[in-house]
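Start counting the sequence shown at 1; every next residue gets the next number (the UniProt record's numbering). Below is one structure, written out as structure tokens; the observations come after it.
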Amino acid sequence: MMWAKFDVLMFNRYPMYFMFPYLSVQDRDHKFLTRAVEEAYRGVECGDGGPFGAVVVRNGEVVVSCHNLVLNQTDPTAHAEVTAIREACKKLNRIELSDCEIYASCEPCPMCFGAIHLSRIKRLVYGAKAEAAIAIGFDDFIADALRGTGFYQKANLEIKRADGKEALIAEQVFEKTKAKFQLY
Numbered sequence: 001m002m003w004a005k006f007d008v009l010m011f012n013r014y015p016m017y018f019m020f021p022y023l024s025v026q027d028r029d030h031k032f033l034t035r036a037v038e039e040a041y042r043g044v045e046c047g048d049g050g051p052f053g054a055v056v057v058r059n060g061e062v063v064v065s066c067h068n069l070v071l072n073q074t075d076p077t078a079h080a081e082v083t084a085i086r087e088a089c090k091k092l093n094r095i096e097l098s099d100c101e102i103y104a105s106c107e108p109c110p111m112c113f114g115a116i117h118l119s120r121i122k123r124l125v126y127g128a129k130a131e132a133a134i135a136i137g138f139d140d141f142i143a144d145a146l147r148g149t150g151f152y153q154k155a156n157l158e159i160k161r162a163d164g165k166e167a168l169i170a171e172q173v174f175e176k177t178k179a180k181f182q183l184y
């Protein structure tokens, strides 16, 4: 009886581990990571973008499988992880993915990590380290770019906070809309 209660609690908390009882967590991770890597190859083969793939998984099932679409969509934000999150949110008709995992062929850049965080995905598994992408010319490390210390990037963005009345008006929008807007 006690084990049955424990199993129900564990299933409610981690249903994806019960979907493939014959696979270890490591085997599951390898299975979905392999799919993300296949997406990375697919994206390069069809000329859509860089060699990056991502898979969103829910309860042991693939929700979406995507690759980088930066060139295809002429959109510098169409990274594999961001594209996968956008498609998963549309498919599941919600903006939070707290019962999902994401598998990425490479360590996410700061933008992608931000999207993963904002979507409330509970688990990230990635394959290659960021250095592998940097070695072939992908350098999306924002902090380095802002400091001008990135290997391939130099700072060319001026950042300034508005002052005076404009800054106050911009801040007031949050106070004036907080009662009308609930995100999560």
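All C-beta atoms in this analysis are idealised placements derived from N, C-alpha and C, irrespective of residue type, glycine included.
Endpoints, the alpha helix (DSSP H) within which residue i is located
i    : result
L33  : V25 to E45
R86  : A80 to L92
A133 : A130 to I134
Residue i classed as buried or exposed, judged by whether at least 16 other C-beta atoms fall within 10 angstroms
i   : result
A78 : buried
G47 : exposed
F32 : buried
R58 : buried
A36 : buried
G49 : buried
E39 : buried
Cβ-Cβ separation, residue j to residue i (assumed contact under 8 Å), whole Å
i    : j    : result
S105 : G127 : 5 Å
H67  : R86  : That belief does not hold up - the Cβ atoms of H67 and R86 are roughly 13 Å apart, past 8 Å.
I116 : I102 : 6 Å
V63  : A88  : 5 Å
Reference residue i; option with closest CA among the options
i           : options                : result
E107        : L97, E38, K90 and V125 : V125
residue 187 : G60, V55 and V37       : Any question about residue 187 goes unanswered here, given that the chain covers just 1 to 184.
L69         : N93, V44 and K90       : V44
V56         : T74, T83 and L71       : T83
A130        : D75, C112 and L118     : C112
A132        : P51, R28, Q26 and H30  : P51
N93         : S119, D75 and P110     : S119
Coarse secondary structure for residue i, derived from DSSP in three states
i    : result
R58  : strand
H67  : strand
Y152 : Any answer about Y152 is weak, because its pLDDT of 49 lies below 50 and its placement is not dependable; what the coordinates show is given next. Y152 falls in the coil class under three-state DSSP.
A167 : helix
I116 : helix
I121 : coil
E107 : coil
E96  : coil
Proximity test, residue i beta-carbon vs the ligand MN heavy atom, cut-off 7 Å
i    : result
D163 : Ligands displayed in this structure: none; no statement on the ligand MN is therefore possible.
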